[in-house]
Every structure is written in C-alpha cells, then in structure tokens.
Amino acid sequence: MLLERYYDDSLAQASYLIGCERSREAIVFDPNVLETYQAALVRHRMKIRYVAETHIHADYLSGGRLLAREHKATLLLSSHGGKDWSYSTSPTESIRLITGGDSILVGMVRIDVIHTPGHTPEHVSFLVTDLASGDRPMGLVSGDFVFVGDVGRPDLLEKAAKIVGTMESSARELFASLLRTKDLPDYLQIWPGHGAGSACGKALSAVPSSSLGYERLFNPAFQQKDERAFVEWVLTDQPEPPPYFAVMKQRNRDGWARTGTAPVAADAAQLAAAIARGDQVVDLRGSRDYGATHVPGTINIPFGNSLVTYAGTVLSYDRPIYLIATSPEQAATVERRLALIGMEVAAIADRAALDALMAKGKETLRTVEAPTLAAQLSRNEPRVIDVRGRAEWNDGHLPKAQHVYLGALAGELDSFKRDEPIVVHCQTGTRASIAASLMRRAGFTDVTNFPGGIDAWVKAGLPIEKD
C-alpha cells in the first residue's frame, strides 16, 4: 500500500492519496481545488479510481468534483446529511453516495466507511486496511472528526451556517461518535484533515499524525468522563469562524466552479478608479510599511501564512479584488491562496503603480505606544477596540477596552461616530492594521493603531482585566 500526505500551510489542511501497488489504483481523500496529484500519479504509475470527501468543508473550496471529473473517477460522498446538508448531485457526475458500514476496494486496499457525526451531521471517516499485509485496519482518515490533540468543533452549523440550536446537539453527537471508537485498536494510526492553525478546532497539534491509543491518553476530548462534561469542554473557547466559512459550506454542498479568468495588470489610474467604485484594493505590504504611508481607501492585509484566513474574514465575495503586490512571485502566491477559498483576483498592481498613485495622494496611520495609551485611558479617552477573538479577550484585555471581533467589525461600524478618537489593537499588530485600514476606508477620521497589542501592554507591566 502507498500512502502520501499533502499539506497546505496556508490552510493548515491535509489531503491523502492511498494506492494499491499491485493494481496501480488510488483513492484521494479531501483534495483542495488546486492540488492535482499528477506528479505523484506519474511517479507511482497509478490511476485515481475514487475521490472521497469526509464532509462538506467550511474552510476551503473542495477539489473533489473537479478531480473526479478530470480523472474519470467516482466521487464518494456521504449520504448522511439529511434535508439541509446533503450534497447536490448531477447526472453528469460519477457519484456514489456512501453510508456507514459500506466498504470500497481499491485493489488490495479496503476502505470501510464509518459515520462519525458531530463536527457536521454528514461527516464520515475512512478505516483503511492493507489486505496485502493483513486483515486488520492500519489507519483512519479522520477528516475533522479526530485531530492530533483535539476534535472537530461542533458549533459551525450554528455559528457559520446559521442553523440555530444545533451546537449542543452536535456536541452530543460528537461525544457519541468518540464512544463508538472504543472497539478500534490502540495502534490504529490517525490521519487528520487539519493541523495547527486551522479554525476547525481550538487546539490542534502541529504533529502531522498520531495513533488512537496516544489520543486516548492525551487528547483532552477523550478525558471527558461524561456527555455533559464533554459538551461544556468542547463548546468553550472555540474561535470565531471566519465569515467565509458560510460561503464555503454552500459552495461545497451545491457545487461551484471557478471562472478561471486570469487577473489583468492594473496601473495607478485603474487602481484609483477601483477605489472610487468601492472595489476591494488590497495592499499586501507589512503593517509597519502600510502605516508609514499608503493610499487612502486601500485595505491592508499583510502577506503571510494567515493571509487566507484574514482575507476570508474581511473581504467580500461580491466585490472585485485588486492586489497591490511587491513582486510577481508574491502576487502569484496570493492569487493561488485566495483561489483555495474561492476568491478570484480581478487585477494586480505592482509597486510602481502604488508609488504613482501615492504621488497623487497618500496618508499615514497614527500609532501609539503602551505608556501613552495607558495615560490616555486614565483620562477616559480614546475608545479602544480589541479585534481579537473571544477566547483571547477572555484570557485578558486592556481596561476599558471594547471587544469587537475582526470578522464582525464591518457590521458594527455604524455604532461608532466617524469622528471620535478610536484606537484599535489585537495581539501583536497585524489584525489591528487590517481593522484600522477598514475603518479609514469607511470614513473614520481619527483612527490610531496600537501595533504592539496586548503583548506590548503586558511587557510594559500594565494591568489587564479578565471577565
């Protein structure tokens, strides 16, 4: 048997190719929309026979339908979704709806389907047995059921898909799914769908795989002794789901294809016109450079591993996206990463276009240091907005600060006066720069960034509060 793991750092997302070395057939689990596996197929002289999904993904655009179509493979999809979360199917697609208890043979590799609801109602996991070596299972492709050090969050249907009243019932289902693993052996390898940095859980490990026995010993989910304790534990301190999760759920359930339209090059005049129209013009420079000088009306999303999450948190799918990049390589990387969540770039501008536009009008973003901000707060000014997640806020926050999660900021802007003094901060500065740029774009005239964030506040020996 052949097993290969493919990992996308920008999504903290794993997919797997498992093949039979005798029949030269393979199955792929949970591909994203850009992974092709073509090099692996050529290298191992294999053909994809099946493509399988563990569940309807929320954090990235699935490549299952596309991969199955390109390789004339059968797409395996869960039939457990019920009325609201069943995959749409088409007569033109080769789709097999699977249920717990089904088995699929890929040459000498047997794949047994296990229904593991909780993270989502339709979630299935895949028990893998290499029949060429023995009749006992080797591993579990667990998707978002069991992670290394965590389990899939059961609150997304309510928080992201807005199906009210499903968090606790999903958590109870997840607990029941864990109990049903009691007959599986300790040596069983766990091959999860995500690693550290994913918002599909709250404390995922960076270790790529584990064993069921190890997780039974050290994964907090397995330490909860009864259903009530588990439900309370699993629903506490879950991170806010980025707004784009709801879009991904719908597109992955119903099917969606990218237009494939390549971005065009934009000059200074085109950038200016895009800003005037209210299009989303994203400056990819670091927050320090952006704060020093930038074009009014642009959005700062610094280039880095968290760019996809931040973009999915603050950008809209219904307005064109323009990128201002520092190099062609950076532009290509960002375009690819945004495609992973179904965001398509309309145009790309380079540093020359940015400089030409700044020559016609630019602004700076004020910053404040911790001691100065502390003195201002002692006089009950300005308004301080903390854009971190709720769990971060609960761990400690500035006195007199107001919590507004970054993904909820756009919906809260009308509750503030456009001309009042406002300071925004996060943990270390990146999210605060994004928030400040959004507020300036929305017409706020007195916005200051506290770039050091809570870390600088604590380092300065200043007090924090806990709710």
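Throughout, our numbering is defined as the position within the sequence shown, counted from one, plus 2. No residue lacks a Cβ here, since even glycine has one placed at the ideal position from N, Cα and C. Bear in mind that the values here come from a model prediction, so they are computed numbers and not experimental data.
- Where Trp193 is concerned, the enclosing beta strand (DSSP E) starts and stops at 191-194.
- The beta-carbon separation of Leu78 and Arg67, rounded to 12 Å, does not stay under the 8 Å limit for a contact.
- Under the criterion of beta carbons closer than 8 Å, Lys49 and Glu72 do not qualify as touching, at roughly 12 Å.
- Taking 8 Å as the upper bound for CB-CB distance, Thr450 and Val425 are in contact here, some 5 Å apart.
- Its chain contains Pro265, Ile323, Leu325, Glu337, Leu340 as the residues whose beta carbon lies nearer than 7 Å to that of Val347, once the 5 sequence neighbours on both sides are disregarded; these appear in chain order.
- Looking from the CA of Arg45, the closest CA among Val35, Leu4, Thr261 belongs to Leu4.
- Exclusion of the five residues before and after Ala270 leaves Ala355, Ala358, Leu359 as the residues of its chain whose Cβ lies within less than 6 Å of its Cβ.
- Residue state for His46 is assigned as helix, using DSSP reduced to three classes.
- Here the region 146-165 makes contact with the region 118-130; the two share three or more CB pairs at distances below 8 Å.
- Each residue's CA atom was taken as its position, placing Arg368 and Gly293 some 7 Å apart.
- One thing to note: Ala412 has its Cβ within 8 Å of the Cβ of Leu440.
- Distances from the alpha-carbon of Arg51 to those of Thr101, Ser80, Asp61, Gly109 put Gly109 closest.
- The C-beta distance from Ser17 to Asp32 rounds to 5 Å, short enough to meet the 8 Å contact threshold.
- With a cutoff of 8 Å on beta-carbon distance, Asp146 and Gly195 are scored as near each other.
- Within its own chain, the residues whose Cβ lies closer than 7 Å to the Cβ of Gly455, once the five positions on either side in sequence are excluded, are His427, Cys428, Gln429, Thr430, Gly431, Ala434, listed in chain order.
- Taken through DSSP and simplified to helix, strand or coil, Thr369 comes out as strand.
- With 16 or more neighbouring CB atoms inside 10 Å of its own CB, Leu19 falls in the buried class.
- Listed in chain order, the alpha helix (DSSP H) elements of length 4 or more contained wholly in the region 10-75 are 40-46, 66-72.
- Asn396 sits in a helix when the DSSP states are folded into three classes.
- Counting of Cβ neighbours within 10 angstroms places Arg390 among the buried residues, the total reaching 16 or more.
- With contacts defined by Cβ atoms closer than 8 Å, Arg442 and Pro298 form a contacting pair.
- The C-alpha of Glu175 is placed about 11 Å away from the C-alpha of Arg182.
- For Phe418, there is no enclosing alpha helix (DSSP H), since its DSSP letter is neither H nor E.
- A straight-line Cα-Cα distance of about 25 Å links Gln191 and Trp235.
- For the pair Ala376 and Ala267, the CB atoms are not nearer than the 8 Å cut-off.
- By the Cβ test, the region 197-212 is not in contact with the region 132-139, since fewer than three Cβ pairs between them sit closer than 8 Å.
- Take the alpha-carbon of Val148 and the one of Leu214: they are about 9 Å apart.
- Annotation: the continuous beta strand (DSSP E) that includes Asn451 extends over 449-451.
- In this structure, Leu342 places its C-beta atom within 8 Å of the C-beta atom of Leu36.
- Residue pairing by DSSP places Tyr216 in no beta bridge whatsoever.
- For Lys161, the closest of Arg112, His399, Leu237 by C-alpha to C-alpha distance is Leu237.
- DSSP places Thr300 outside any beta strand (DSSP E), giving it a letter other than H or E.
- Fewer than three pairs of CB atoms, one per stretch, sit closer than 8 Å, so the region 217-237 makes no contact with the region 299-316.
- For Lys468, the closest alpha carbon among the candidates Gly398, Thr328, Gly409, Glu229 is that of Gly398.
- In this structure, DSSP gives Ser435 a helical state, which the three-state scheme calls helix.
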